[in-house]
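Report on the following structure.
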Amino acid sequence: MRKRLIEERSRKGWTQKQVSERLGISEVYVRKIEKGARNPGRETMLKFETLYSVPDRELFPDLFQVIFDTKCI
Numbered sequence: 001m002r003k004r005l006i007e008e009r010s011r012k013g014w015t016q017k018q019v020s021e022r023l024g025i026s027e028v029y030v031r032k033i034e035k036g037a038r039n040p041g042r043e044t045m046l047k048f049e050t051l052y053s054v055p056d057r058e059l060f061p062d063l064f065q066v067i068f069d070t071k072c073i
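Just so you know, we're using UniProt numbering here: the sequence shown kicks off at 1 and counts up by one.
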């Protein structure tokens, strides 16, 4: 669940359908992105960033986490 993304949409009083229309993507895709079931492409991320005036790293923190995997196989 991408809380900041949902908070920004709610703050503006928009539905997922309204966001999808503004971004030119499907409502189902918006729903899946908000739930974290799908990851947006770079172009779509930039559309969200522009729409909400919030950096993509804040809207999609899960995509920018640095994980150091030190486990050896």
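Note that CB positions come from ideal geometry on N, CA and C, so glycine has one too.
Where do the ends of the alpha helix (DSSP H) carrying residue i lie?
i           : result
valine 30   : 27-35
valine 19   : 16-23
arginine 38 : It is not in any alpha helix (DSSP H) - arginine 38 carries neither H nor E in the DSSP assignment.
arginine 2  : Element bounds for arginine 2: n/a, residue is neither H nor E.
DSSP on residue i, reduced to helix/strand/coil?
i             : result
proline 61    : helix
threonine 50  : helix
isoleucine 67 : coil
When you compare only the Cα positions, how much space is there between residue i and residue j?
i          : j                : result
lysine 17  : glutamate 27     : 5 Å
proline 55 : phenylalanine 68 : 24 Å
Going by the beta-carbon positions, is the gap between residue i and residue j smaller than 8 Å?
i           : j           : result
arginine 4  : leucine 59  : yes
tyrosine 52 : glutamate 8 : yes
lysine 47   : leucine 63  : no
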